[in-house]
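Contents: one structure, followed by commentary.
In the working numbering, the protein residues as written are 25 to 128.
Dropping the structure here:
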């Protein structure tokens, strides 16, 4: 599955547009990570556990979006975007969305 953030795939021609596809995940923070985050807020530096959690969440959202596109018969997704929203004090949603297409 080819996935790009631009509106087309360079060097390829879109022959069919199948529509919007999306994938999401909601992750909750861990109390241990929150303690580390507060300490990092005081002394500064990267919060490695949060960085890893967000990266894993983005990959899971992309995988779910690609699975939805494959069900439609797509071989590519164009115009991919990400969104995020805080669901509650300790949980956030990561959403990946784009347009499923068939390319030559």
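Here a beta-carbon is modelled for each residue, glycine too, at the ideal position from N, C-alpha and C.
None of the values given here were measured: they were computed from a predicted structure.
8 Å contact criterion, which residue i and residue j should meet: CB distance rounded
i, j, result
"residue 124", "residue 96", "5 Å"
Own chain, CB closer than 6 Å to residue i, minus 5 neighbours either side, in chain order
i, result
"residue 42", "96, 98 and 124"
"residue 120", "47, 85, 86, 89 and 106"
"residue 93", "45, 101 and 124"
"residue 25", "90"
Alpha carbon of residue i to alpha carbon of residue j, nearest angstrom
i, j, result
"residue 112", "residue 84", "20 Å"
"residue 81", "residue 39", "31 Å"
"residue 53", "residue 28", "29 Å"
"residue 68", "residue 49", "28 Å"
"residue 122", "residue 72", "29 Å"
Same chain, Cβ closer than 8 Å to residue i, neighbours up to 5 away in sequence not counted
i, result
"residue 108", "116, 117, 118 and 119"
Contacting residues, own chain, Cβ-Cβ under 7 Å from residue i (five flanking each side not counted)
i, result
"residue 31", "102 and 103"
"residue 128", "36, 37 and 39"
Beta-bridge pairing of residue i - partner residues as DSSP gives them
i, result
"residue 47", "120"
**Request:** Enumerate, from N- to C-terminal direction, the unbroken beta strand (DSSP E) stretches of 3 or more residues contained entirely within the stretch 73 to 128.
**Result:** Taking only runs of at least 3 residues, the beta strand (DSSP E) segments lying wholly in the stretch 73 to 128 are 100 to 112 and 115 to 127.
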